[in-house]
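FYI, my numbering numbers position 44 of the sequence shown as 56, with every residue one higher than the one before it.
Just so you know, even glycine gets a beta-carbon here, dropped at the ideal spot from N, CA and C.
Just so you know, these numbers come straight off a predicted model, no measurement behind them.
The next block holds one structure in the form of C-alpha cells; read it before the comments.
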Amino acid sequence: MSEIVENEAIVEALAIIDQSLGQLHTRELVSSSEVSDVLLDVRSLLAALELDGNVEAPSPN
Numbered sequence: 013m014s015e016i017v018e019n020e021a022i023v024e025a026l027a028i029i030d031q032s033l034g035q036l037h038t039r040e041l042v043s044s045s046e047v048s049d050v051l052l053d054v055r056s057l058l059a060a061l062e063l064d065g066n067v068e069a070p071s072p073n
C-alpha cells in the first residue's frame with residue numbers, strides 16, 4: 013500500500029514538472045519566483061509523503 017502512495021506522489025510530482033516545463037519552454041526569461049513556485053510545489057508533495065512515514069529520510073554523509 014505505501015508503495016502505491018509513493019508512486020502516486022512521484023507521478024504527481026512528475027506531472028507538475030512536465031506541465032511547468034511545457035509552459036516555460038517557449039519563454040526566453042523566467043522569473044526566479046516562478047521557478048521557486050514550481051520547486052515548492054514539488055517539494056510539498058514529496059515532503060507530505062515523507063511526513064506520512066512512507067519515505068525514509070536520506071542519511072547525512
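A straight-line Cα-Cα distance of about 10 Å links residue 47 and residue 29. The criterion of a C-beta distance shorter than 7 Å is not satisfied by residue 50 and residue 25. Taking 7 Å as the cut-off, the beta carbon of residue 61 is found no closer than this to the beta carbon of residue 27.
Apart from sequence neighbours up to five positions away, no residue of its chain approaches residue 35 with a beta-carbon distance below 6 Å.
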